[in-house]
Each structure stands twice: as structure tokens, then as C-alpha cells.
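Q:
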Amino acid sequence: MSASVAGAARGPGGVAGPDAERMADTLARAFALWRSRNYARRREAVGAIAHSAGYSVATLDNSIDALLRPFTAEALKSFAALVSASGRADRPNTIGFIAAGNVAGAGIHEIAIALIAGARVIVKTASAEPIFFAQFARTLAEIDPETAARIEVVHWSRARADLTAALVAKCERVVAYGDDSTIESLHRPNVIGFGSRVSAAVVAGGAIIPSRIDGLAEALARDVALFEQLGCLSLHQVFVVGPAEGAASALAMRMSAALESLGKSMPPARIPLSDAAQVRAVRERARWRAIAGEPVELFEGRALEWTVVFESDGALNDSFKVSPGFRTVHVTAVRNLAEFRERVDSVAGRIEAMAVAGDESEAAEIRATLATIGIPYVCAPGEMQSPPLDWRHGGGAFLDLMVRRR
Amino acid sequence: MSIYEQVLSFIHRPEPEEFQRLALDVFRHQFETVRAYRSYCEGCGIEAGAVRTIDDIPAVSNVAFKYSDLAADGAARAPGAAVFLTSGTTQGRERRGRHIVARPEIYRASAISHLSKMLFPDARRMSMLAMHPTDDAMPESSLSAMITWSIEEFASTHLAAASRDKVDIEAVTVFLAEAEAGQDPVCIMGTTAAFAALFSALSGAGIRHRLAPGSRMMDTGGAKGQGVPIPAAEVIARAGELLAIAPAMVINEYGMTELCSQLYDATPFNCQDVSDVQERYKVPPPWLRVTARDPITLRPVPDGEIGLLTFFDLANVGSVSAVMTEDLGCVERGRVRVIGRAVGGEARGCALAIGQFNAAQGLR
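Chains as they are written, first to last, in my numbering: chain E, 1 to 406; chain L, 1 to 364.
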């Protein structure tokens with residue numbers, strides 16, 4: 001493995017142009033295979049990851065479907081054109097990726113970008129999830145061995161800090177995914193870190209009218225359930241802005257019904273003990289606040305399979321509600337967008353995505369507010385796990401490095 | 001005999017075979033008299049008459065004490081009643097927990113009976129140093145009440161060297177110097193954070209005291225109030241290095257405002273069957289039953305398996321006895337290993353975990 005790391009620095013790369021189109025084509029063919037649930041490599045990967053992570057196959061299949069949806073041939077070709085047009089000659093030739101284990105396939109956007117931009121890529125997988133990228137790289141090799149030679153997937157345990165240090169030293173750039181402490185531990189100037197982030201949704205009254213509320217609840221429930229809510233694009237809190245009395249609570253109730261229903265088509269994961277304890281803590285806090293007459297409603301599945309906590313405005317704790325995951329979501333009514341802004345202040349700079357719903361003018365107003373906060377990915381409910389290829393992940397530092405014209 | 005007298009009698013003369021019967025009587029009393037608890041039980045679909053064993057008794061989360069008065073109506077205004085508040089340090093902006101103790105003499109009996117076995121098994125009176133305010137300075141603190149009762153019961157002389165805001169390290173060092181000179185054993189009680197501050201001050205000044213053999217200390221509260229928590233093993237090591245207190249005499253307490261009974265480290269000093277001073281298990285008194293519960297089913301897990309530590313404390317007779325904490329731990333042959341607050345998110349990767357968020361917000 002250390003030989004791979006050493007060899008990476010000598011490999012070809014860095015030249016966009018015709019190569020970009022060829023790589024985009026290879027990737028498009030690979031993604032087309034991977035978008036089919038019957039593709040053998042995907043089936044094998046999904047089965048193994050679901051088994052080791054305690055996910056249901058159905059949940060993981062739906063999650064990977066959502067993740068891969070934007071990687072169409074057209075999107076990849078268009079991105080290749082953008083890379084060629086950007087004319088950057090100073091792109092890194094070798095890029096190391098240190099993957100996180102929480103979400104299978106997390107990092108695929110940046111890996112695809114790096115490959116199209118002509119870089120040689122080394123992906124160091126996480127101990128918790130060493131399968132997805134290894135299988136995907138095999139698919140590339142089967143389609144076009146020559147272009148696929150640009151990607152190498154390696155694996156070693158977290159204890160082998162020497163190999164990680166070698167990767168960081170040998171690659172011109174390293175993209176690291178993981179919690180803040182993992183990224184801080186690398187502390188090298190060539191490291192671009194995608195640290196710990198959260199996502200949320202903002203919903204206005206126009207989206208919770210009778211004809212739309214069930215569809216909205218189902219889409220938000222899906223954003224909660226995919227990847228068991230463990231990724232940076234996972235929905236933690238839904239803000240309902242200035243609704244008619246009872247409408248926000250009704251949305252929470254419909255979301256709980258949608259989560260209950262999703263439990264049948266996407267059975268929930270096996271929850272690790274410490275996470276289960278945290279979900280339990282969320283529930284008990286909400287339960288006793290409700291018993292005490294606070295404006296809180298708790299909706300809960302029979303075991304811990306899903307939890308929705310609704311709070312109307314005026315509740316005591318006004319900071320953002322970070323969820324322990326595993327289909328645990330807060331729905332919070334706020335009077336207006338100013339109040340919404342106050343509540344997300346506690347996670348300023350850590351929000352990756354916001355789903356937006358409302359009538360046309362409400363959505364425009366919400367998007368304008370989000371633009372002032374600086375949210376990398378704004379989307380419709382149900383689309384949170386499907387950011388486009390040019391998503392400004394983590395603020396866009398990596399994207400700019402690869403395609404922005406100087 | 002009233003239910004209160006029955007519990008008091010049990011604390012003075014425990015009869016293990018009577019525990020379950022008394023626990024069920026205590027539960028029925030609480031179901032009848034504590035309105036919020038009855039609502040909770042009914043919300044769980046449980047009627048008092050249907051509960052046959054102690055494991056069927058619904059446990060309230062310890063956070064319930066933040067939001068509801070878990071005591072009989074008017075109990076807080078009863079003559080002699082005490083109201084203790086949680087420190088409020090773990091969830092900064094939230095309200096503080098409130099434990100109404102209608103009959104503090106039961107709390108006192110529970111605390112003193114178990115302390116006498118676990119910290120004073122040699123039945124010695126000695127000079128005591130309190131590095132936490134006594135109850136005249138901090139009447140809302142259950143730890144202050146306990147320390148005050150300990151002084152009344154076990155101290156020959158004492159120094160209370162802490163105010164609400166800080167430990168008077170200068171007064172502490174004078175006390176320690178005099179104790180060293182006098183060569184009589186002493187007992188020091190305080191929060192782990194207070195001991196961490198003392199150790200830091202002594203190290204910084206290059207001072208080491210040689211307290212007399214038989215000296216002992218009780219620390220409690222763990223990481224609470226500490227920027228960089230000092231692990232239990234380090235408390236033991238530093239107590240030996242800086243105060244010459246033997247490892248077996250360094251005894252950590254696990255207690256909480258919401259419980260009138262406490263658990264203490266088993267060491268060779270207080271338990272004949274213990275020989276290892278580093279591997280720590282905690283011992284509850286006979287009137288406190290501890291289980292580890294599955295956070296999903298809320299049923300007790302088998303001996304040795306980890307779950308949420310849940311207590312049935314007879315001494316809580318005037319409030320709610322069945323209390324589930326947010327701490328993980330396991331129970332083996334009646335002794336308890338506390339693992340601590342669930343942090344979750346081992347595989348959270350790029351997603352923000354609650355623990356990280358709380359740390360960033362300064363909530364812990």
C-alpha cells in the first residue's frame with residue numbers, strides 16, 4: 001500500500017481537454033451501470049455495506065439511487081466542457097481522498113471532478129466502509145482500463161497513521177472527509193477538509209396547503225431516512241415559517257405518518273447503543289416538556305425507528321437542533337425568516353444543504369435569505385441527497401481549485 | 001406504619017427479601033400521589049394495579065425533573081421539605097432540574113448509612129475538609145446537604161473551603177499543611193473539578209503533602225465543570241502523588257440531585273472481596289436497585305451488558321423512585337460500572353454529531 005502511495009506522485013495527470021471527455025464518457029458508462037440495482041457489483045457492494053453498517057438493503061439502495069441520480073451522461077459531459085473551458089493549468093496532478101465511513105459513496109462528486117479534470121486519484125477508504133469505491137473503481141477498469149488506471153483505491157486501518165501521513169505528503173492535494181478532529185489531525189496546508197456539517201429545510205405556508213402537505217411530508221421524510229440521516233446532507237430540522245395555527249403541527253404529524261410508512265419500504269437500521277441512547281434522550285426531553293405544558297409535541301414510532309419532535313415558537317431553547325440521526329427530526333414553527341436566521345446562527349458556517357418549499361414568492365424570499373447565509377446546496381424537498389455535480393460542497397474550495405478560471 | 005416509616009425502617013435494617021414488596025408499595029403510593037408521574041404512567045398504558053414486578057415499574061428520565069414537579073401536590077411547601085436543584089451545567093440554557101424532598105430525614109438516613117459503610121467503614125471521626133459549599137452557603141445543592149450531614153456525623157473538626165463561586169485554594173493548602181503537621185488522618189470531600197483545581201495548584205507550586213495514613217477523599221461529578229476532564233485513574237494517581245492518599249482511600253461517588261441514594265467505588269478499604277484498586281465498580285446501598293436498560297425496549301439487559309443506568313431508589317419515596325439516566329453502564333452481580341454519557345456518532349464522519357455541537361456551543 002505504501003508503494004501505491006509513493007507511486008501516485010509519479011503518475012500522469014493534470015491535463016484536461018480530450019482526456020476530460022474520455023473520462024466523462026467512462027464515468028457516464030460506469031454510473032449508468034451503478035444506477036441499476038441489478039448491476040452485480042452494486043448489488044454485491046450494497047449487500048456487504050448494509051450488512052456491516054446495520055442498514056436495510058432497501059434503505060441503502062434508495063440512498064445510493066439518490067446519490068448517483070445527478071451523474072448522468074449529459075451532466076458529466078457538460079462538466080468536462082466546463083473543465084476544458086476553465087483553462088486552469090495549475091490543477092493538482094495527484095489528489096488523495098480520505099473517505100469517511102458514515103455514508104457510502106460520500107466524496108463521489110469530488111472524485112468524479114478530479115478524474116475529469118485529469119488528476120490521478122488515490123482513494124483511501126474508511127475502516128467502516130471500504131467497499132463502495134473499491135467496487136466502483138473495478139467497474140471503471142472493466143469499461144476502460146487505461147483511464148481507470150488514474151484511480152487507485154487503498155485501505156488501511158486508522159492506526160496506520162504513517163501511511164496516511166505518506167499519502168498526505170506524496171499527493172499535491174488531499175481531500176479529507178470526516179469529523180473536525182480527523183481533519184485537524186492532518187494539519188497540512190495541502191489538505192482540503194470537508195468537516196462536520198448539517199442540513200435543514202425551510203417551509204412556508206404555501207407548501208402546507210391541503211393539496212401539497214402530504215407530498216411535502218413524504219419528500220421530507222425521505223430526506224430524513226436516506227443514509228439513516230448520518231450524512232452532511234441529512235435533514236436535521238424543518239423550520240416552518242409563519243404558518244397558520246396548526247399547520248406546522250399538521251406537517252409534523254404527516255411527516256410522522258410518512259416515516260412510519262417509509263419504515264415498511266425502507267426498514268430502519270440497527271441502531272448502535274450509544275446512538276439509541278441519544279435518540280432516547282431526545283424523546284424523553286420532548287415527552288417531559290410536553291407533559292409540563294410546553295408547546296412541544298412528540299410523535300414516535302413503537303421502538304426507536306423514527307421520532308418527530310414538533311415545537312411551536314416561543315420554546316425555551318432557540319438553538320439549532322442537531323439530531324442524533326436514525327430518523328429523528330425536529331419540526332419547528334418560527335414566526336418569520338428573521339427568527340429562522342437567529343435559530344441557524346448556532347450552526348453558522350456548518351450548513352451544507354437547505355430544502356426549500358413554499359409558493360413561488362415565498363420560495364424566492366427564502367432563497368434570497370439563504371443566499372445571504374451562504375448555503376452550498378439549496379434544493380427542493382426530497383432532493384437533499386442528490387446535489388448536482390458542480391455542488392459547492394463545503395463552500396466550494398475544491399470546485400474552485402479544479403475549474404474556476406483564474 | 002406509613003410508607004415513609006417503612007422505607008426509613010428498611011434503610012436502618014435492610015431486608016433484601018422485602019425489597020420488591022416495598023418497592024411495589026412505594027410505586028403505588030407515588031402513582032396515587034404524584035400527578036405528573038401518574039400521567040406519565042397512564043401515557044405508557046400502565047395502571048398501578050397491573051404492575052407485578054419492579055421491572056414493570058415505569059422509570060422517568062432524569063430530565064423529567066427539569067420539567068415537572070415530581071412530588072405530591074404541595075410537597076414543596078410542607079414543613080421541613082427541601083428542594084434541590086441540579087447544577088444546570090450539562091444543558092446550559094435549559095432549566096435546572098428540581099427534586100422536591102418532602103422528608104429530608106430519609107435522604108439523610110440514606111446518605112449517612114451508605115457513607116458510613118463506604119467512606120468510614122473504620123468508624124473514625126476525623127478532621128474534614130469540604131471543597132464544596134456546605135448547605136448554609138448553597139441550600140439548593142443536594143451535594144451541599146450531603147457534605148453538611150457528613151460533617152455532622154463524621155467530623156471531629158472541619159473546614160468548609162468553598163463558596164458558591166470558587167474553592168479557596170489558599171485555605172485548603174493551610175488545612176493540608178496543618179493536617180500533615182498533626183499527622184492525624186483527614187477526609188476531603190468535593191467535586192472532581194475541585195480536586196482537579198487543587199491538584200493543579202499544588203503541582204504548579206511544587207507542593208506535595210504527606211497526609212497521615214488513613215486519610216481519605218471522596219470526589220464526585222466527574223467531568224462536570226472541567227474544561228479538560230481529569231480521568232478517574234489520574235485522580236487516584238494525583239491523590240497519591242500530591243497528598244499521599246492511598247489508592248484504596250480515593251473513593252468516587254456517583255450520585256445525582258434526582259436520587260436520594262448514592263453509589264461509591266468498591267475498594268479494598270470498604271469491600272473485603274475487592275483487591276484491585278484500579279478497576280472500579282460502584283456499590284449501591286441495599287435500598288437502591290440498579291439495572292442497565294435497553295434504550296429501545298426499556299427492559300433490563302442481562303448482567304454485564306451495557307445499557308442506560310436506571311435506578312429504583314426507595315429513599316425517593318416522596319417523589320419518584322424509578323429514574324432512568326442518560327448514562328451508559330452495566331451491572332454485574334449488583335455492582336455497577338459507569339461508562340458515562342452516551343456521545344453517539346462514532347461513525348458520523350462529515351455529519352455534525354450532537355456531542356461536537358454541544359462542545360462548540362459550550363453546553364457541556
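Ideal Cβ placement from N, Cα and C applies to all residues, glycine included.
Can you tell me which of the three DSSP states threonine 173/L falls into?
A: Three-state result, threonine 173/L: helix.
Q: So is serine 265/E in contact with chain L if we call contact Cβ pairs under 8 angstroms?
A: Taking Cβ atoms only, chain L never reaches closer than 8 angstroms to serine 265/E, which makes this a no.
Q: List the residues of chain L that phenylalanine 194/E touches, going by C-beta distances under 7 angstroms, in chain order.
A: Near phenylalanine 194/E (Cβ distances below 7 angstroms), the residues of chain L are Cys350.
Q: For valine 336/L, write down the residues that DSSP places opposite it in a beta bridge.
A: Lys282/L and Val331/L, per the DSSP bridge assignment.
Q: At a CB distance below 8 angstroms, what residues from the segment 62-80 of chain L approach chain E? Give them in sequence order.
A: Listed by position, the residues of the segment 62-80 of chain L near chain E (Cβ gap below 8 angstroms) are Val63, Ala64, Lys66, Tyr67 and Ser68.
Q: Inspect the CB distances between the segment 123-132 of chain L and the segment 188-197 of chain L and report whether three or more fall short of 8 angstroms.
A: The segment 123-132 of chain L vs the segment 188-197 of chain L: in contact.
Q: Using a Cβ-Cβ distance under 8 angstroms, would glycine 7/E count as near chain L?
A: Legend: pLDDT at glycine 7/E = 41, less than 50; position of this residue unreliable, no value from coordinates given.
Q: Quick one: does alanine 353/L have its CB under 8 angstroms from some CB of chain E?
A: Chain E contact via Cβ: present.
Q: Please compile the residues from chain L whose C-beta is within a distance smaller than 8 angstroms of the C-beta of cysteine 379/E.
A: Ordered by position in chain L, no residue passes the 8 angstroms Cβ test against cysteine 379/E, which lies about 17 angstroms from the chain.
Q: Nearest to asparagine 38/E by alpha carbon, out of Phe310/E, Asp25/E and Val57/E?
A: Looking at the Cα atoms, Val57/E is the closest of the given residues.
Q: For cysteine 260/L, which residues from the same chain have a beta carbon less than 7 angstroms from its beta carbon, with the 5 sequence-adjacent residues on both sides left out?
A: Only Val101, Ile106, Tyr107, Ser110, Asp313, Ala315 and Asn316 meet the Cβ criterion.
Q: Thinking C-alpha only, which one of Cys271/L, Ser39/L, Asp276/L and Thr297/L is nearest proline 285/L?
A: The option with the nearest alpha carbon to proline 285/L is Cys271/L.
Q: From threonine 307/E to serine 274/E, what does the alpha carbon distance come to, in whole angstroms?
A: In a straight line, the C-alpha of threonine 307/E is about 16 angstroms away from that of serine 274/E.
Q: Would you tell me roughly how many angstroms separate the C-alpha atoms of glycine 92/L and arginine 69/E, rounded to the nearest one?
A: Because the pLDDT of glycine 92/L is 45, which lies under 50, any placement of that residue in the model is unreliable, and the number read from its coordinates should be weighed accordingly. So the alpha carbons of these two residues sit roughly 42 angstroms apart.
Q: Residues of chain E with CB closer than 7 angstroms to the CB of glutamate 326/L, please, in chain order.
A: Here the neighbours are Ala277 and Ala281.
Q: Ordered along the chain, which non-local residues of its own chain (more than five positions away) have a Cβ less than 7 angstroms from that of glutamine 278/E?
A: Taken in chain order, the residues that qualify are Pro324.
Q: Which full runs of the beta strand (DSSP E) of 3+ residues lie inside the segment 236-310 of chain E, going along the chain?
A: Complete beta strand (DSSP E) runs here, min 3: 296-300.
Q: Go ahead and label proline 145/E buried or exposed: buried means 16 or more other beta carbons lie within 10 angstroms of its beta carbon, across all protein chains shown.
A: That one is exposed.
Q: So which of Gly87/E, Ile351/E and Ala106/E has the shortest CA-CA distance to threonine 125/E?
A: For the residues Gly87/E, Ile351/E and Ala106/E, the minimum Cα distance to threonine 125/E belongs to Ala106/E.
Q: Looking at chain E, is there any beta carbon in it that lies within less than 8 angstroms of the beta carbon of alanine 248/L?
A: By this cut-off, alanine 248/L is not an interface position.
Q: What three-state label does DSSP hand cysteine 171/E in the structure shown?
A: Three-state result, cysteine 171/E: coil.
Q: I believe valine 121/E touches isoleucine 151/E by the beta-carbon criterion, under 8 angstroms. Please report the beta-carbon distance rounded to the nearest angstrom.
A: About 5 angstroms; that satisfies the 8 angstroms criterion.
Q: If you draw a straight line from the C-alpha of cysteine 232/E to the C-alpha of alanine 114/E, how long is it?
A: C-alpha separation (whole angstroms): 21 angstroms.
Q: Tell me where the alpha helix (DSSP H) around arginine 367/E begins and ends.
A: Element bounds for arginine 367/E: 360-373.
Q: Are the CB atoms of valine 175/E and leucine 186/E within a distance shorter than 8 angstroms?
A: Contact: no.
Q: To test your reading of the DSSP string, which unbroken beta strand (DSSP E) runs of 3 or more residues are found completely within the segment 79-132 of chain E?
A: 94-98 and 120-125, all fully within the segment 79-132 of chain E.
Q: Taking a contact to mean a Cβ-Cβ separation below 8 angstroms, would you say glycine 224/E touches leucine 216/E in this structure?
A: A small correction: the amino acid at residue 224/E is valine; glycine does not occupy that position in the sequence shown. Taking 8 angstroms as the Cβ cut-off, valine 224/E and leucine 216/E do not qualify as a contacting pair.
Q: Unbroken alpha helix (DSSP H) runs of length 4 or more, entirely within the segment 180-212 of chain L: which are they?
A: Entirely contained in the segment 180-212 of chain L, the alpha helix (DSSP H) runs reaching 4 residues are, in chain order, 192-205.
Q: How would you label asparagine 252/L, buried or exposed, when you count the other beta carbons within 10 angstroms and need 16 or more for buried?
A: Answer is buried; the Cβ neighbour count reaches 16.
Q: Report buried or exposed for valine 174/L, applying the criterion of at least 16 other Cβ atoms within 10 angstroms of its Cβ.
A: Burial call: exposed.
Q: Do serine 319/L and alanine 71/L have their CB atoms nearer than 8 angstroms?
A: Yes, they are a contact pair.
Q: Just to confirm the assignment: which complete beta strand (DSSP E) runs, minimum length 3, are found wholly within the segment 7-37 of chain L?
A: Runs found: none.
Q: So tyrosine 254/L is in the beta strand (DSSP E); what residue range does that whole segment cover?
A: From DSSP, the beta strand (DSSP E) with tyrosine 254/L extends over 250-254.
Q: Identify the contact partners of proline 295/L in chain E, using a Cβ-Cβ distance below 8 angstroms as the criterion.
A: The answer, in chain order, is Leu273, Ala276, Ala277, Val279, Arg280 and Leu304.
Q: Considering only C-alpha positions, which residue in the set Ile373/E, Thr369/E and Ala363/E is nearest to glutamate 350/E?
A: Per the sequence presented here, residue 350/E reads as arginine, with glutamate not at that position. It is Ile373/E whose Cα lies nearest to the Cα of arginine 350/E.
Q: At a CB distance below 7 angstroms, what residues from the segment 37-65 of chain L approach chain E? Give them in sequence order.
A: Against chain E - using a Cβ distance shorter than 7 angstroms - the residues of the segment 37-65 of chain L are Ser39, Tyr40, Ser61, Val63 and Ala64.
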